[in-house]
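The next block holds one structure in the form of structure tokens; read it before the comments.
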């Protein structure tokens, strides 16, 4: 049951490992079947070299396991909160990738310093508020999701599919589990380039709004002309 | 038709990927047949692991597709402008390689800080002006080419086959597609070394004109004596 | 004799090499059989590609060789001191891994700047005092062990299985040789992230005590709920 | 003729490439047969993947080719000057490895900031003077060698087998071509660690003379006790 979804989620998790974004069992990817309200996610604490389609866990929208012998990722409540809030998304990904985590730990948003960033993310990569003691004390993972959603109150999650949780690391999402992983790979590259840019020129400001819009719209929306599938 | 050119361009694009200078479908290499006014270039948005000789696109000097079922790279007008302006070149390469892009995003030229740089590039690696809103609004990719050409008004493109487009990333060129890629690899290495040099010694100035000339002329021109082919 | 222990220690040493934490013959891992008071350790100066189970050396708690034709690691007295002081540990690991060594050479403890750190280490990674001339002059390696133990007088070695020896590099330990190596891998990652965090934000302080405790206790102790084995 | 020497030099050059210290044809290693006054060296401009024992070039102590169809490395006069000045050495190596070159370009010596450095190099890694215009104008490569030798007037080349040529990069040497390459690998690692140490703590001073001596003498001289071959 849900074989394709499990397979897709398993492949996306393995891709994280292949791309060098995770160490040991860190990180997790999920995917959703919106019609049936079912989410497939990596089991907790399982190393990538032992991950197969058959130990992917299925949970319902309240986080109850509906299939699988293992516990789901401890970050499952965060994923579910994102699926509830961002209706257009099909996959969620969480890593502790090196450069994105540096920015998250520094509690700094990543400014849009170049076209690599503008090609993929429409605006600076936001960082959440720091979590308060009472939010940590109970429902920690759910509150992590709420923190993200709160940060996006005035942002468009579909055009900015990435966030840095302060003191923690990145979450990304996309149309599918594979797409969510791709955003994580791009975020890591953008984070590294932005790091070096500010080392070379600490006062460097964001690129112009015109250049940001131009690059984002080359790749997204009805007038996109990058790639083989967009535009008429 | 143009089988050798397509093959050469395909190989050069794959080399970019093998050398770790590109992520996903980013970057592109082209080559020119000057006699027939035909340019072969990577198709837009195609990932390197799916690239074969047969999906390389041929365009004429106005950018019209003359062979191939796919759209050419969206950066094609930039390549064409460089071929028109720099008559001695046979290949053009564009990447978002990590360290070269950091410098481009920092809008700083790379000073000649050592003999590795001097061996290959005759002078600092120039950075273009930032693009104006009207240049972005229409013919953006063509204007990117014009920006580069303008920056080279008083520079010798054959002895300095590299440029940083401000807020964007590097373009390189050479006698062939493979040579253009080689310049991109060397630029990335030079950019990383220059980065670290300035971290260790922010006030470090360029090496002497005498040392710059010595190293460049060891490898280039009629009195070159590096390698097996130069000299009398 | 002690075949399993030798095998375990050999595998753990090879894992160090596979994870890229060591160059040439640098670094060493040991394991202990507490019942018999026997420690298995890497031979001195042997490169990892020549290491087999059969050249692992067995020593007693005074460092006398009880099995093996090679000399044990010159750091053996440090390992023995740690086994004597920290009764709950089963393996010890020493490396000169790049980022952890940078911190050790800078004589700075690694503050807890994020949840990656908090997940694994309960508090900042401590750095020892610098060694005095008389401690260097005789019993240097034993004194290195004593220096570490002194630093842990008020720390819990089981919840903080890592230390930076000032001017030198990291030692880590764990329930087994494999666990000690895993702590070394995690420490290197944490050290790199902390480095970049402080480059981006030199004034960044530690995360809150509440967040530190939350993450550590997600993975450790009776209320842990990360992974498949913890909890009720 | 000189088959063993050629083979040894070829292997050492290939090791440079395998260790990631060179790009394209950069860098070169030589070895000497002191009895016959013959030096074997990499041919100029040949890429590592095309290097075989048979294209290693033999020259005499004046740099005249005595065997081989290719030109020797353009750096041959530097190597010969080192062999003449440092009588105990059997191999010389030159690279543009990333971190060592950063220090050379920054014209800064590498202070002894930790035991990794002290284990291998007896004192800071020296940097030469910058070269004067007249030294560049003629006999450039020979003058590079003289610059190094001048820097070692009061240093012991056998205990400090590494130097940074200002504005250029490292030269290393050793008892054999393989040993010279090993010093280059260690220098690169030491250079990277020292770089990060000073980023974390710009005022960090050298480790004590006592600690420097202790580590160097653990591995070198009659009282050495590291490894399997030293000591009584």
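Protein chains in written order, with this note's numbering: chain R, 1 to 232; chain D, 1001 to 1232; chain S, 2001 to 2232; chain F, 3001 to 3232.
Even for Gly, the Cβ is constructed at its ideal location relative to N, Cα and C.
Check: Pull up the CB-CB distance for residue 2026/S and residue 2091/S, whole angstroms please, since I reckon it's below 8 Å.; Outcome: Wrong, their Cβ atoms sit about 18 Å apart, outside the cutoff.
Check: Can you list the beta strand (DSSP E) stretches of 3 or more residues lying completely in the stretch 3118–3155 of chain F, in chain order?; Outcome: none
Check: Any chance you could list the beta strand (DSSP E) runs of at least 3 consecutive residues sitting entirely within the stretch 3045–3102 of chain F, in chain order?; Outcome: 3057–3060, 3065–3067 and 3091–3094
Check: What does the alpha-carbon distance come out to for the pair residue 1031/D and residue 1177/D?; Outcome: 5 Å
Check: Can you tell me whether residue 224/R is helix, strand or coil according to DSSP?; Outcome: coil
Check: If contact means a Cβ-Cβ distance below 9 Å, which residues of the stretch 100–118 of chain R contact chain S?; Outcome: 101, 102, 103, 104, 105, 106, 107 and 108
Check: Kindly list, in the order they appear in chain D, the residues whose Cβ is closer than 8 Å to that of residue 210/R.; Outcome: 1133, 1136 and 1137
Check: Got a sec: which bits of the stretch 1214–1231 of chain D sit with their beta carbon under 7 Å from any beta carbon on chain R, in order along the chain?; Outcome: none
Check: On a Cα-Cα basis, can you pick out the residue from 70/R, 119/R and 145/R that is closest to residue 81/R?; Outcome: 145/R
Check: What residue range is occupied by the uninterrupted beta strand (DSSP E) comprising residue 3041/F?; Outcome: 3038–3041
Check: Please confirm whether residue 1195/D has its beta-carbon closer than 9 Å to some beta-carbon of chain R.; Outcome: yes
Check: Residue 2185/S touches chain R at which residues, Cβ-Cβ below 9 Å?; Outcome: 23 and 24
Check: Within 9 Å (strictly less), CB to CB, does residue 1192/D reach chain F?; Outcome: yes
Check: For residue 3175/F, report the span of its beta strand (DSSP E) as first-last.; Outcome: That residue, residue 3175/F, is in no beta strand (DSSP E); it is neither H nor E in DSSP.
Check: Work out the CA separation of residue 73/R and residue 141/R for me, nearest whole Å.; Outcome: 11 Å
Check: Buried or exposed: residue 2218/S, going by 16 or more other Cβ atoms within 10 Å of its Cβ?; Outcome: buried
Check: Chain S beta carbons: is any one of them nearer than 9 Å to that of residue 82/R?; Outcome: no
Check: Taking buried to mean at least 16 other C-beta atoms within 10 Å of its own C-beta, is residue 50/R buried or exposed?; Outcome: exposed
Check: Would you say the stretch 194–212 of chain R touches the stretch 112–131 of chain R, given that touching needs at least three Cβ pairs under 8 Å?; Outcome: yes
Check: Taking C-beta pairs closer than 9 Å, name the residues in chain D that residue 3259/F reaches, listed in chain order.; Outcome: One cannot answer for residue 3259/F here, as it falls past the ends of chain F, which runs 3001 to 3232.
Check: Can residue 1096/D and residue 1079/D be called in contact, C-beta distance under 9 Å?; Outcome: no
Check: Residue 1009/D and residue 1038/D - do their beta-carbons sit closer together than 9 Å?; Outcome: no
Check: Mind checking whether residue 3033/F and residue 3070/F have CB atoms under 9 Å apart?; Outcome: no
Check: Rounded to a whole number of angstroms, what is the C-alpha to C-alpha distance between residue 1100/D and residue 215/R?; Outcome: 19 Å
Check: Taking Cβ to Cβ, would you say residue 208/R is nearer than 9 Å to residue 1148/D?; Outcome: no
Check: Is residue 1208/D helix, strand or coil when you go by DSSP?; Outcome: coil
Check: At the level of alpha carbons, what is the spacing between residue 15/R and residue 57/R?; Outcome: 18 Å
Check: Have a look at residue 1022/D and residue 23/R and give me their C-alpha separation to the nearest angstrom.; Outcome: 23 Å
Check: Spatial neighbours of residue 161/R within its chain, please: C-beta separation below 7 Å, excluding the five flanking residues on both sides.; Outcome: 172, 173, 174 and 183
Check: Determine, using beta carbons only, whether residue 201/R comes closer than 9 Å to chain S.; Outcome: no
Check: Please state if the CB of residue 2180/S and the CB of residue 2107/S are separated by a distance shorter than 9 Å.; Outcome: no
Check: Counting C-beta neighbours from all protein chains within 10 Å, is the total for residue 1138/D 16 or more, i.e. buried, or is it exposed?; Outcome: exposed
Check: Once DSSP output is grouped into helix, strand and coil, what is the label at residue 1028/D?; Outcome: strand
Check: Under three-state DSSP, which class holds residue 1217/D?; Outcome: helix
Check: If you drop the 5 nearest sequence neighbours on each side, which residues of the same chain put their C-beta closer than 8 Å to that of residue 2011/S?; Outcome: 2177 and 2178
Check: Along the stretch 1166–1185 of chain D, where does the CB come closer than 8 Å to a CB of chain R? Name the residues.; Outcome: 1167, 1168 and 1169
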